[in-house]
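What follows is a set of notes on a single structure, which appears directly below.
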Amino acid sequence: MLNKITTVQQHILDEERLHPGATGDFTALLTSLTLSAKIISREVNQAGLVKILGETGGVNVHGESVQKLDEFAQSTICRAMGHNGHLCVMASEESENIIPIPGESKKGKYVLMFDPLDGSSNIDVNASIGTIFSIHRRVTNHSPDGRLEDCLQKGIDQIAAGYFIYGSSTMMVYTTGHGVHGFTLDPSLGEFLLSHENIRTPSRGRIYSINEGNYHSWDQGTRRYVNYVKDQQKEKGHPYSLRYIGSLVADFHRNLLKGGIFLYPGPKGKLRLLYEAAPLAMVVEQAGGAASTGEERILDIQPASLHQKVSLIIGSRDDVKEYTQFFKEALVSAAD
Ligand code: AFP
600 MLNKITTVQQ
610 HILDEERLHP
620 GATGDFTALL
630 TSLTLSAKII
640 SREVNQAGLV
650 KILGETGGVN
660 VHGESVQKLD
670 EFAQSTICRA
680 MGHNGHLCVM
690 ASEESENIIP
700 IPGESKKGKY
710 VLMFDPLDGS
720 SNIDVNASIG
730 TIFSIHRRVT
740 NHSPDGRLED
750 CLQKGIDQIA
760 AGYFIYGSST
770 MMVYTTGHGV
780 HGFTLDPSLG
790 EFLLSHENIR
800 TPSRGRIYSI
810 NEGNYHSWDQ
820 GTRRYVNYVK
830 DQQKEKGHPY
840 SLRYIGSLVA
850 DFHRNLLKGG
860 IFLYPGPKGK
870 LRLLYEAAPL
880 AMVVEQAGGA
890 ASTGEERILD
900 IQPASLHQKV
910 SLIIGSRDDV
920 KEYTQFFKEA
930 LVSAAD
């Protein structure tokens, strides 16, 4: 028998039905998000044409002024999500402060955190980029408007998380805590269709992804770990292959499907807890993998500020576990 055809809307609706008393608001919320991604995807696919078909002064073929793609993605998500009545507040990697829902719009019970266009330095070279999102239920009830407190929630309290990847095709990967599912956009239909049901990441991979140029600023544990995965112990599957494009969604997505470990270690870390680390940590754990700073589980971190940065070690469970052993051993030997 041929595989069934399931759109992302049907899938979200089925997931929502697992929760007794669900109102349909959550389905509507995620549906609006898929609309934003389709608009961003269309723009990303035309990125190279702007210079060819557009006019000087940043005007495209439609006579519209050309925005930088990351600004475009940010404003598209705000326009699509700010008026649907399901959110009380948003926060984005591109905005310093929380993004209130416009005054005239109905306020809802959900909070949206997002990185509108992750890996944007890759736009000009046609490599994959993505949008990362995370949804929480609001925790304040002082007024219809959400507050900073609603945004500063632990990853463990996310009710959904995922990403869109604008690559050789556009995909949506998401979880609501019942496994991880992937959908591929059929541009001719304008629909995301279920293509990767119940994704499970291998418990161990043979890929490591890290910016090796930063070697001299890494902590001792990370250096030892990276030297270890590059050694010649064939019985352990070493040396691992290095794959790193510098676009977190693309590096993460490959490792999720094939197995592997992505590392952006300290001392300060570069990646943002709320817009990058926590959403992908929920996805990877739901797929059977793990995410850690080396010292603690990403999902257990209580955010202190909107743009807090963390070290991120994420991917196959056994690889992440092995890294944390190296990291902790190095801390102990430094203390002795
Ligand atoms: P940009 O959005 O500025 O390209 O940053 C991308 C990113 O936040 C993440 O997607 C990459 O994994 C990481 O930075 C790459 O950082 P390095 O360039 O320091 O390796």
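In terms of this note's numbering, the sequence shown is residues 600 to 935. By construction, the Cβ of each residue, glycine as well, lies at the ideal position given by its N, Cα and C atoms.
Closest to residue i by CA distance: which of the options is it?
i: L879; options: Y773, E670, K908; result: Y773
i: H777; options: E811, N602, I604, H610; result: H610
i: Q673; options: L898, D714, H685; result: D714
i: D917; options: K667, G858, Q907, V779; result: G858
i: L930; options: R823, V882, F671; result: R823
i: Y922; options: G836, S932, L711, E894; result: E894
i: N797; options: V883, R641, P786, H685; result: V883
i: M680; options: M712, E692, L668; result: M712
i: T630; options: S787, Q608, R641; result: Q608
i: D818; options: K927, S720, R896, P701; result: K927
i: Q907; options: R896, E875, G623; result: E875
i: E670; options: S719, D624, G623, D830; result: S719
Just the Cα atoms here: how many angstroms apart are residue i and residue j?
i: K705; j: N683; result: 8 Å
i: T639; j: L716; result: Checking the sequence, you will find Ile at residue 639 rather than Thr. Between I639 and L716, the C-alpha separation is close to 9 Å.
i: H735; j: D935; result: 42 Å
i: P866; j: A621; result: 43 Å
i: G820; j: L612; result: 45 Å
i: L911; j: S891; result: 6 Å
i: P699; j: I755; result: 24 Å
i: G888; j: T775; result: 16 Å
i: H685; j: L634; result: 15 Å
i: L751; j: P902; result: 5 Å
i: S816; j: G868; result: 11 Å
i: L628; j: D723; result: 31 Å
i: N644; j: Q832; result: 43 Å
i: E748; j: N740; result: 11 Å
i: S787; j: S840; result: 36 Å
i: T606; j: E642; result: 22 Å
i: H795; j: K920; result: 26 Å
i: H837; j: Y762; result: 31 Å
i: E614; j: T626; result: 9 Å
i: R799; j: M881; result: 13 Å
Taking C-beta to C-beta, are residue i and residue j nearer than 8 Å?
i: Y863; j: L870; result: yes
i: G914; j: I844; result: no
i: L905; j: A690; result: yes
i: Y765; j: G729; result: yes
i: N725; j: G647; result: yes
i: K753; j: L898; result: yes
i: R737; j: K708; result: yes
i: F925; j: Y827; result: yes
i: C687; j: V710; result: yes
i: T783; j: S768; result: yes
i: D785; j: L792; result: yes
Count the other CB atoms, across all protein chains shown, that sit within 10 Å of the CB of residue i; report buried if there are 16 or more and exposed otherwise.
i: T655; result: Its pLDDT being 48, under 50, T655 is placed unreliably in this model, and the value from its coordinates should be taken loosely. Result: exposed.
i: A760; result: buried
i: Y814; result: exposed
i: A877; result: buried
i: P801; result: buried
i: S932; result: exposed
i: H780; result: buried
i: Q757; result: buried
i: E692; result: buried
i: R853; result: buried
i: Q885; result: buried
i: L668; result: buried
i: G804; result: buried
i: N602; result: exposed
i: S727; result: buried
i: D850; result: buried
i: I809; result: buried
i: I900; result: buried
Between residue i and residue j, how many whole angstroms is the CB-CB distance? I'm expecting something under 8 Å.
i: L632; j: F732; result: 6 Å
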